[in-house]
Each structure stands twice: as C-alpha cells, then as structure tokens.
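Asker: Sending over a structure as structure tokens; questions will come in a sec.
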Amino acid sequence: MASKRILLGGGKGFLGRALRKALEKKGHKVTVVSRTADAAASVTSWEALKEEGLPDSDVIINLAGAPILDMKKPWTDKYKKECEDSRTDTTATLATLAAEAKKKPEVFIATSAVGYYPYSATAKYDENYVSCGETDGWGAKLCHMIEDAAQPAADAGIRTVAMRMGVIMGRGGGAYAEMKFPFSMGVGGPFGDGKQWFPWIHLEDAAALYDFAIEHEKVSGPLNATSPGATSNGAFCNALASAMWRPCLFQIPGFALNLIGEDRAKILLEGQHVVPKKALANGFTFKYRTAGACCDELVNGQGEE
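Mapping of the sequence shown onto my numbering: residues 1 to 305, in sequence order.
In structure tokens:
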C-alpha cells in the first residue's frame, strides 16, 4: 500500500503511541495533534490547526480524550465535562476542517466506544444495531455525541468510520495497568459478581484495526473494535489470574466501585456482548482471539492464537 499522510489527534496517549508506531512501521507519515507543538517530533497543536487550517492529509484519525477510568482523577462534574469536551470538541474540529479542506482526506476515523450499545446480559450487538434514540446512561450519551461530532466529514462525502472501541488490554497502560497490581498481590478479582460481559480487545489488534479501516475502502460507518472471543468479566479475570499464577478470589463489590463515581461504576459493573461482525466479514484477522491468549501475552509476552 502506498504511503499515506496521516493526521493523528491524541497521538500521545496509550493507544496513540501504539498506533503511531504501527502506522510508521507500515511506511506512513504521521503528524500528531496535541496541546503543544513540537516540529522536530512531527507534532502540531490544536491551536495551530484552528489558525492555519488542515495540513494536506490523506487520513485523519482522532483518539483525543481525557481518560475516563483514570482513578487518580476524582469524578467531579468538572472532570466529567472535560471527558466529554476533550472528545467531542476535537472530533468536531477535525471533521469540520476536513469538510472545509480544498483537498479532502480519503477517510476520517473517529473513536467512539462500545458504550454506544445498551447494557444487556442477553443481547448480542453488531454494527447493524440501530439506535432508536435511547441511551443507557452517561457513557452511551457521550458515544452518540462523538459520532454526531464526526458528521460534517460524512456530509462532505468523506468516507467516515466510527471506531467503537472495547476495553483495550496492553502492557504500559489501559485496563491492564489498573488490574495488574491487585492480582500480583493475590487480591485480584472481578467487578461485582463478574457475570457482566467484558468487551475487550488487545492493544495490537486495536491498532491494526485502524490500519485495516484505512486500507479497506468498503469499510465505513460503525466498526466494532472488540475481540471475537467474547467473555464475562469474571472469565477474563480468571484468565489473567491463571497467566499470573495468582488466585482470583476477591470480588470488588458494587458499593465500593460507586465511590469512584456512579458513571464509572456503571461502565465496570454492566457490560455488552459486542461482536466485530464488520471486521471479520471484511477479512480482518485478530491476533488475540481468546482471553487466555491475550493474558498470556500481557504477562509472558506470548500467547498468540
């Protein structure tokens, strides 16, 4: 595939670093958009974009957003709004600039989440699910807001993808960084009763899906970024405990999780069975299809299936 000029919003975060590395390894030229510019590191700023307009870009991807499950951040109304604005404002800025550009990008990829789908113990969601306008809590409303913010790009005829991201599991950050310590101390366990669905995806597969969306012109609209090896939170925790040779005995009760914020607790205590139907139908191959393979790689650097 020919080298692409890629503008990557939020490229300094956990997923952003992995994605930039993967894209550059494929020969693409990546410019990151961040709060502060650094020309030597191919980083421009949001302020510069607003003042100077969009640089010539074949692909625009937005990952920007304050981390929702950063437990070091108190769940105040102020931080909740920061989580919203940092996603919707940046998505809207890039989508509008893309729509207004003389030379429009080939594809615009916004990052939403599986929280778009209602929580359910029995439903199975793929990209054909049509929302009737109902939303299941704050997380679902935010996902709708993000996808709405990307609409100017779609209206301008740009192929637009809404990556509905699952829980990213990878070394160096994300959910694994939060889960690793209690399990290493022998006190790890599931959230609540652990029966809720846990729509996970390995970091490598998450990054690869963005490249897949760039390359496959037939892919547009929502794209579920979850492993096909769907499992419950409890089953995933058992797989992690097994890989670490540690027990999985201690449930984290719902009332304790509510102390970190009701909206956060809802994300952890409830779940959705989300399947990557569109990715599989278009030929994407997941490197980590099972919780066991994922956890073996996280802990031991192996486990590909």
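Even for Gly, the Cβ is constructed at its ideal location relative to N, Cα and C.
#1: Counting along the chain, where does the alpha helix (DSSP H) carrying Gly139 start and finish?
#2: Going by C-alpha to C-alpha distance, which of Asn233, Ile201, Ala154 and Gly261 sits closest to Cys248?
#3: Any idea what DSSP makes of Ala225, helix, strand or coil?
#4: Any chance the segment 193 to 212 sits against the segment 4 to 21, with 3 or more Cβ pairs inside 8 Å?
#5: Buried or exposed: where does Met71 fall if 16 or more other Cβ atoms within 10 Å of its Cβ makes it buried?
#6: Is there a Cβ from chain C that is less than 8 Å from the Cβ of Gly166?
#7: Answer with buried or exposed for Met244, where buried requires no fewer than 16 other C-beta atoms within 10 angstroms of its C-beta.
#8: What is the rounded straight-line gap between the Cα of Thr231 and the Cα of Lys124?
#9: Under the assumption that Asp58 contacts Arg5 (Cβ atoms under 8 Å), give the Cβ distance between them as a whole number of angstroms.
#10: Taking a contact to mean a Cβ-Cβ separation below 8 Å, would you say Asp155 touches Ala99 in this structure?
#11: Specify, as a first and last residue, the run of the beta strand (DSSP E) that Ser45 falls within.
#12: Flag this pair as yes or no: are the beta carbons of Ala279 and Asn224 separated by less than 8 Å?
#13: Is the beta carbon of Ala110 less than 8 Å from the beta carbon of Ala41?
#14: Sort Thr226, Asn238, Leu97 and Ile214 by Cα distance to Ala2 and report the nearest one.
#15: Among all the DSSP beta bridges, which residues are the ones paired with Ile201?
#16: List the residues that DSSP assigns as beta-bridge partners of Asn62.
#17: Below 8 Å, can you find three or more Cβ-Cβ pairs linking the segment 250 to 258 to the segment 143 to 150?
#18: Taking just the CA atoms, how far does Leu94 sit from Glu47?
#19: Express the C-alpha separation of Leu8 and His273 in angstroms, rounding to a whole number.
#20: Applying the criterion that 16 or more other CB atoms from any shown protein chain within 10 Å of the CB defines a buried residue, is Gly27 buried or exposed?
#21: If Asp211 sits next to Leu63, beta carbons under 8 Å apart, how far is it from one beta carbon to the other, in whole angstroms?
#22: Under the DSSP definition of a beta bridge, which residues are partnered with Ala162?
#23: According to the neighbour-count rule (16 or more other Cβ atoms, all chains shown, within 10 Å of its Cβ), is Leu269 buried or exposed?
#24: Would you list the residues sitting across from Tyr125 in a DSSP beta bridge?
#25: Short check: CB of Leu19 to CB of Gly53, under 8 Å?
#26: Determine the closest residue to Trp75 out of Gly301, Pro276, Gly261 and Ile267, with distance taken between C-alpha atoms.
#27: Taking Cβ positions, are Asp263 and Lys81 nearer each other than 8 Å?
#28: Check each candidate in Glu51, Thr31 and Leu49 and name the one with the smallest Cα separation from Val43.
#29: Please identify the residue among Pro182, Ile201 and Thr91 whose C-alpha is closest to the C-alpha of Gly10.
#30: Spatial neighbours of Trp197 within its chain, please: C-beta separation below 7 Å, excluding the five flanking residues on both sides.
#31: Give the straight-line distance between the Cα atoms of Ser242 and Val187, rounded to the nearest whole angstrom.
#32: If I'm right that Lys287 touches His202 with Cβ under 8 Å, what's the distance once you round it to whole angstroms?
Answerer: Quick answer:
#1: For Gly139, the uninterrupted alpha helix (DSSP H) segment begins and ends at Trp138 to Ala149.
#2: Cα-wise, what sits closest to Cys248 is Asn233.
#3: Three-state DSSP puts Ala225 in a strand.
#4: The segment 193 to 212 makes contact with the segment 4 to 21, as at least three CB pairs between them are under 8 Å.
#5: Burial call: exposed.
#6: Considering every chain present, this structure includes no chain C. It has just one protein chain.
#7: Met244 is buried by the Cβ-count criterion.
#8: Taking the straight line from one Cα to the other gives about 12 Å.
#9: Going by Cβ atoms, the distance from Asp58 to Arg5 rounds to 5 Å, so yes, they are a contact pair.
#10: Closer than 8 Å, so yes.
#11: Annotation: the continuous beta strand (DSSP E) that includes Ser45 extends over Val43 to Ser45.
#12: Taking C-beta atoms as the reference points, Ala279 and Asn224 count as a pair closer than 8 Å.
#13: For Ala110 and Ala41, no; Cβs fall outside 8 Å.
#14: For the residues Thr226, Asn238, Leu97 and Ile214, the minimum Cα distance to Ala2 belongs to Ile214.
#15: By DSSP's assignment, Ile201 forms a beta bridge with Ile168.
#16: Gly9 and Ala110, per the DSSP bridge assignment.
#17: Output reads no: the segment 143 to 150 does not touch the segment 250 to 258.
#18: If you draw a straight line from the Cα of Glu47 to the Cα of Leu94, it is about 12 Å long.
#19: Within the model, the alpha-carbon separation for His273 versus Leu8 is close to 29 Å.
#20: Exposed, since its Cβ has fewer than 16 Cβ neighbours within 10 Å.
#21: Between Leu63 and Asp211 the Cβ distance is about 14 Å, and since that is not below 8 Å, they are no contact.
#22: Answer is Ala110 and Pro222.
#23: Buried, by the Cβ-count rule.
#24: Val274, per the DSSP bridge assignment.
#25: It is not a contact, given that the beta carbons lie outside the stated cut-off.
#26: A check of alpha carbon separations from Trp75 across Gly301, Pro276, Gly261 and Ile267 identifies Gly261 as the nearest.
#27: Not in contact: Asp263 and Lys81 (Cβ atoms no closer than 8 Å).
#28: Looking at the Cα atoms, Thr31 is the closest of the given residues.
#29: The candidate whose alpha carbon is nearest that of Gly10 is Thr91.
#30: Here the set comprises Ala230, Ser232, Gly271, Gln272 and His273.
#31: Their backbone Cα atoms lie some 13 Å apart in a straight line.
#32: Contact holds; Cβ gap of about 7 Å.
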